[in-house]
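Q: For reference, each letter of the sequence shown is one residue, going -20 to -1, 1 to 101 in mature numbering (1 follows the signal peptide of the UniProt record, and there is no 0).
For each residue, glycine too, the CB sits at the ideal point set by N, CA and C.
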Amino acid sequence: MRITTIAFFFLLSSSITCFSQTSDFFAGKWEITVFNSPKGDVTFLTELIRKDGKLTGELVEKADPANSSRKILRVEESHEKLVVYFESSQGGETILDLAKVDQDNLKGTVHDFEATAKRLK
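Here's what the structure looks like:
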């Protein structure tokens, strides 16, 4: 009886710990592709890092990482959606609007161009 009680409390405390953890879904490394832009298909690499409660980072063009870093100005996020404001190559602010597809994929737009994001592991 005593072993059963101990095992029950151990399992109960383990399950409470598992359910109380909050995951930071959008933080991490992502490969973002913008399709059919004036430059063709453009792929960016980014690592979104949570700093002071907000996501931040930069977009780096995969084809030219040494010369194509774009600063992320701000990020708005909800449970299912991510909006990234970043400096465009022509200057000014560009909006990347992405929605959650599944645990490792996002889909959305940059202006009128289709965009996808894939989590890198």
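Please determine, among K80, L39, L35, the residue with the shortest C-alpha to C-alpha distance to L25.
A: Nearest of K80, L39, L35 to L25, Cα basis: L39.
Q: Please classify K101: does DSSP put it in a helix, a strand, or coil?
A: If DSSP states are grouped into helix, strand and coil, K101 belongs with coil.
Q: Could you please give me the residues that DSSP links to A7 through a beta bridge?
A: Partner(s): none; A7 has no beta bridge.
Q: What are the complete beta strand (DSSP E) segments, minimum 3 residues, inside the segment 29 to 90?
A: Listed in chain order, they are 34 to 36, 38 to 41, 49 to 57, 61 to 67, 73 to 82, 85 to 90.
Q: Assign residue 135 to one of two classes, buried (16 or more other C-beta atoms within 10 Å of its C-beta) or exposed (fewer than that).
A: Examination of residue 135 is not possible in this model, given that the chain is present from -20 through 101 alone.
Q: Measuring only the C-alpha atoms, how far is L78 from G71?
A: Their backbone Cα atoms lie some 22 Å apart in a straight line.
Q: Any Cβ of chain C within less than 7 Å of the Cβ of E94?
A: Judged by its chain identifiers, the structure shown contains no chain C, having just a single protein chain.
Q: Quick check on D92: does DSSP put it in helix, strand or coil?
A: Coil at D92, not helix or strand.
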